[in-house]
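Using the numbering used here, count along the sequence shown one by one with no gaps and you end on 232. Take a look at the structure below.
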Amino acid sequence: MPPISYARHRFPPVVIQHAVWLYVRFTLSYRDVEDLLAERGLDISYETVRRWVLKFGPAVARRLRQCRPKPSPRWHLDDMAVRIAGEQMYLWRAVDDGGEVLDVLVQRRRDKAAALKLMRKLLRKQGFAPAVVTTGKLRSYGAAFAEIGLTACHEQGLRTNNRAEVSHQPVRRRERKMQRFKSPGSAQRFVSVHAAAYNALNVQRHLISRRTLRAFRVEATAQWRAAAAAAA
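Quick look at the structure:
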């Protein structure tokens, strides 16, 4: 994939990249990013930051996903209810047993058809079938697995799916900060970009030593800069 073009923008690429990084890396609003940039002497409105995130965020996310290693064959699936434009919808999420977010899908239902859509998208994107799938008690998962002929071991239980449920927490924090998502389309765009950035930038500092944290942080920063690199 070719580098990202930042042509015809008033500010240099490094400023745009930093603004997008601030928004996707931390639980900040567009106005928060505006204030942080103003403290550095950059007079940039929150609306400009919003346009940068919408324009460049998906492109950076695609490049980040390309350089991620192959996920483990043990997948965790879960769904959570979200309120979007006054309507209850569901965020379907798939992660591997290392916490890597495989995909997030916004859907109106939590039935067999919704579970089928998630699984077909996962199998198409990952290119292989999992050996073990862990889900909650929702019966739509089993019906979907039977429909596509998935032979993976299907585990269910009260606490066996904590990996996927914990993975919802960063999105819950962002949802509160954003005062809920405004539309299904904007929610899908946000969670797709957020998932790719989370995979690359979250180094799980509570599980590693300080020396390892420094190394992982340098690697994560290098991945972000490579993904957001400007065209020559």
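Quick reminder that beta carbons are idealized off the backbone N, C-alpha and C, glycines included. No experiment lies behind these values; they were computed from the predicted model shown.
* To do: Determine the burial state of Ile-84: buried for a count of at least 16 other Cβ atoms within 10 Å of its Cβ, exposed for fewer.
  => By the neighbour-count rule (16 or more Cβ atoms within 10 Å), Ile-84 is buried.
* Taking the continuous beta strand (DSSP E) assigned at His-154, which residues delimit it? -> 153 to 156
* To do: Look at the alpha carbon of Thr-48 and the alpha carbon of Phe-181, and state the distance between them as a whole number of angstroms.
  => 19 angstroms
* To do: Please name the residue in Cys-153, Ala-129, Thr-27 and Val-82 whose C-alpha comes closest to that of Pro-71.
  => Ala-129
* Just list the alpha helix (DSSP H) runs in the stretch 174 to 208, keeping only unbroken ones of 4 residues or longer that don't cross its boundaries, in chain order. => List check, alpha helix (DSSP H) in window: 184 to 201.
* Asked: Any idea if Glu-87 is buried or exposed, counting beta-carbon neighbours within 10 angstroms, 16 or more meaning buried?
  -> exposed
* Give, in chain order, every unbroken run of the beta strand (DSSP E) that is at least 3 residues long and sits entirely within the stretch 65 to 107. => As far as the stretch 65 to 107 is concerned, its whole beta strand (DSSP E) runs of at least 3 residues are 74 to 84, 87 to 96 and 101 to 107.
* **Boundaries of the beta strand (DSSP E) in which Thr-134 is found, first to last residue** => 132 to 135
* **Residues bridged to Ala-230 [DSSP beta-bridge criterion]** => Ile-4
* Rounded to the nearest angstrom, how far is the Cβ of Ala-131 from that of Pro-73, given a contact under 8 angstroms? -> 4 angstroms
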